[in-house]
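These notes are about the structure you will find just below.
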Amino acid sequence: MEYVAIDFQTANKWHKSACSVALVTVKDGKIIDTFYSLIRPGILHFDKENTALHGITKEMVKDAPYFDELWPLIKEKINGKTLVAHYAKFDMDVLAEELAGNELAFPSCPVFCTCVLSQAMFPEMPHHRLQDVTEKIGFNLEQRYNAMAHARACVAIVEYALKATGAEFLQDVADAYHFHLGYIGKDIVTDCELKYGRARVYDENASFGKKAETYNDMDNATYLKYWGPSVAISLVFNSINAEWARAIGYIGTLGLFYATYLRFKGTKKPFWYGCISLFFTAGVLGFFDVGRAPKK
Numbered sequence: 004m005e006y007v008a009i010d011f012q013t014a015n016k017w018h019k020s021a022c023s024v025a026l027v028t029v030k031d032g033k034i035i036d037t038f039y040s041l042i043r044p045g046i047l048h049f050d051k052e053n054t055a056l057h058g059i060t061k062e063m064v065k066d067a068p069y070f071d072e073l074w075p076l077i078k079e080k081i082n083g084k085t086l087v088a089h090y091a092k093f094d095m096d097v098l099a100e101e102l103a104g105n106e107l108a109f110p111s112c113p114v115f116c117t118c119v120l121s122q123a124m125f126p127e128m129p130h131h132r133l134q135d136v137t138e139k140i141g142f143n144l145e146q147r148y149n150a151m152a153h154a155r156a157c158v159a160i161v162e163y164a165l166k167a168t169g170a171e172f173l174q175d176v177a178d179a180y181h182f183h184l185g186y187i188g189k190d191i192v193t194d195c196e197l198k199y200g201r202a203r204v205y206d207e208n209a210s211f212g213k214k215a216e217t218y219n220d221m222d223n224a225t226y227l228k229y230w231g232p233s234v235a236i237s238l239v240f241n242s243i244n245a246e247w248a249r250a251i252g253y254i255g256t257l258g259l260f261y262a263t264y265l266r267f268k269g270t271k272k273p274f275w276y277g278c279i280s281l282f283f284t285a286g287v288l289g290f291f292d293v294g295r296a297p298k299k
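Going by my numbering, the sequence shown opens with residue 4, and the numbers climb by one from there.
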């Protein structure tokens with residue numbers, strides 16, 4: 004398994020002001036490549052608050068390459084690999100803004116956020132800042148606002164989670180801790196986030212790669228696999244004026260019942276919310292969290 008930890012620092016409050024970037028490539032638990040560079044922002048303006056944190060000034064980057072000059076090398080290192088970052092939303096927004104502003108093609112990468120991972124691993128922690136998480140796992144974060152230090156810290160958190168779960172792949176870790184990977188691709192950036200909007204305890208007996216079948220791990224994509232064909236069969240064949248067609252249409256309706264049952268199984272009021280979803284919205288409410296709070 005190979006992934007790339009990435010971190011950007013910015014010159015000011017605008018995302019399109021990257022002033023440094025760090026990449027740490029990991030394969031099978033070992034760091035195989037590192038890359039760090041200062042970046043000259045398009046507009047050479049540094050907020051004093053940003054400089055106070057990372058120590059980078061406009062004098063330091065005046066001869067540094069622009070982002071579009073660095074992009075071919077960065078893209079070669081990250082394209083197709085999972086990107087790991089702490090509070091990945093920020094880093095992906097920076098990357099997306101720089102790409103869009105320079106009219107560059109987007110890469111195609113899943114995104115794994117170690118902040119979301121921390122929220123799931125350590126729900127008792129009041130804060131999930133990088134220095135808090137690294138302290139929790141016993142990793143020494145040498146420089147709090149250095150891009151390379153941040154990227155290496157992300158690697159430490161990921162490797163800690165892989166070891167704790169016995170997982171082989173990052174998707175396995177996400178499944179174990181119940182969160183979705185994000186994604187950055189052509190004209191789209193999605194966030195890495197907890198599936199149910201709250202941290203859930205890791206189940207050490209969970210089977211990695213097991214197909215979702217119950218409320219506890221059924222996501223919208225899996226529900227759609229049950230719901231979509233059932234609705235299509237029901238609508239198409241019930242509209243045909245023939246006994247054989249109606250019989251097939253009934254099978255589709257039964258499939259919709261079954262999909263709804265799986266979606267609301269294990270919730271506080273599965274019968275009532277399942278009925279509301281099924282009879283009033285043909286199961287559409289099943290795509291949302293309406294009535295799907297887990298039993299206490």
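From the three backbone atoms N, C-alpha and C, an ideal C-beta is built for every residue, glycine too.
By DSSP, does residue i sit in helix, in strand, or in coil?
i: Leu86; result: strand
i: Cys112; result: strand
i: Phe211; result: With a pLDDT of only 38 at Phe211, under 50, the local geometry of the prediction cannot be trusted, and the value read off the model is given with reservation. Three-state DSSP puts Phe211 in coil, outside helix and strand.
i: Ala14; result: coil
i: Cys278; result: helix
i: Ala67; result: coil
i: Phe121; result: Strictly speaking, residue 121 in this sequence is Ser, with Phe absent from that position. Ser121 falls in the helix class under three-state DSSP.
i: Arg2; result: As shown, the chain starts at 4 and ends at 299. That puts residue 2 outside it, with no answer to give.
i: Leu257; result: helix
i: Glu79; result: helix
i: Leu107; result: coil
i: Lys268; result: coil
If you draw a straight line from the C-alpha of residue i to the C-alpha of residue j, how long is it?
i: Glu171; j: Ala154; result: 20 angstroms
i: Glu196; j: Met124; result: 13 angstroms
i: Trp230; j: Asp50; result: 51 angstroms
i: Ala179; j: Phe70; result: 36 angstroms
i: Lys65; j: Pro126; result: 43 angstroms
i: Tyr163; j: Trp247; result: 58 angstroms
i: Cys118; j: Phe282; result: 39 angstroms
i: Gly188; j: Phe109; result: 5 angstroms
i: His57; j: Val27; result: 19 angstroms
i: Glu62; j: Met128; result: 39 angstroms
i: Phe304; j: Ala177; result: Because the chain is modelled from 4 through 299, residue 304 falls outside the range shown and cannot be assessed.
i: Ile279; j: Phe182; result: 27 angstroms
i: His130; j: Val161; result: 18 angstroms
i: Glu138; j: Leu144; result: 8 angstroms
i: Ala103; j: Asp96; result: 10 angstroms
i: Gly277; j: Thr263; result: 6 angstroms
i: Leu165; j: Glu5; result: 13 angstroms
i: Gly32; j: Arg249; result: 56 angstroms
i: Thr256; j: Ser237; result: 6 angstroms
i: Gly258; j: Asp175; result: 29 angstroms
Got a sec, what are the start and stop residues for the alpha helix (DSSP H) residue i sits in?
i: Pro232; result: Asn223 to Asn241
i: Leu174; result: Checking the sequence shown, residue 174 turns out to be Gln, not Leu. Counting along the chain, the alpha helix (DSSP H) containing Gln174 begins and ends at Leu173 to Ala179.
i: Thr60; result: Note, Thr60: premise wrong, no alpha helix (DSSP H); not H, not E.
i: Val97; result: Ala91 to Gly104
i: Val192; result: Taken as a continuous stretch (DSSP letters only), Val192 belongs to no alpha helix (DSSP H), being part of the beta strand (DSSP E) at Ile191 to Thr193.
Can you tell which of the options has the C-alpha that lies nearest to the C-alpha of residue i?
i: Val29; options: Val64, Met63 and Ile81; result: Ile81
i: Val384; options: Asn149, Met63, Phe260 and Ala159; result: Here the chain comprises residues numbered 4 to 299, so residue 384 is not present and cannot be evaluated.
i: Lys84; options: Asn105, Trp74, Ser111 and Tyr90; result: Ser111
i: Leu47; options: Ala21, Gly32, Phe38 and Glu72; result: Ala21
i: Phe38; options: Ala25, Leu257, Gly32 and Asp31; result: Ala25
i: Glu101; options: His18, Val114, Arg249 and Leu76; result: His18
i: Ala55; options: Asn149, Leu173, Phe93 and Ile243; result: Asn149
i: Lys78; options: Met128, Ala235 and Val7; result: Val7
i: Ile34; options: Ala156, Gly255 and Ile251; result: Ala156
i: Leu98; options: Thr60, Phe142 and Tyr186; result: Tyr186
i: Gln12; options: Ser40, Gly258 and Glu5; result: Ser40
i: Lys198; options: Leu184, Ser23, Val192 and Asp94; result: Leu184
i: Arg43; options: Glu72, Gly169 and Ala152; result: Glu72
i: Ala285; options: Pro232, Ala14, Ile140 and Gly169; result: Pro232
i: Asp194; options: Phe115, Gly289 and Asn53; result: Phe115
i: Lys225; options: Ser242, Asn244, Arg266 and Ser237; result: Residue identity differs from the one stated: residue 225 is Thr in this sequence, not Lys. Nearest option by C-alpha distance: Arg266.
i: Leu173; options: Lys268, Leu86 and Met151; result: Leu86
With a threshold of 8 angstroms between beta carbons, is residue i in contact with chain C?
i: Ile279; result: No chain C is part of this structure, which consists of one protein chain only.
May I ask which residues mark the beginning and end of the beta strand (DSSP E) holding residue i?
i: Gly188; result: Gly185 to Gly188
i: Cys157; result: From DSSP, Cys157 is part of no beta strand (DSSP E) but of the alpha helix (DSSP H) over Ala150 to Thr168.
i: Phe125; result: Run containing Phe125: none; DSSP gives neither H nor E here.
i: Leu26; result: Ala21 to Lys30
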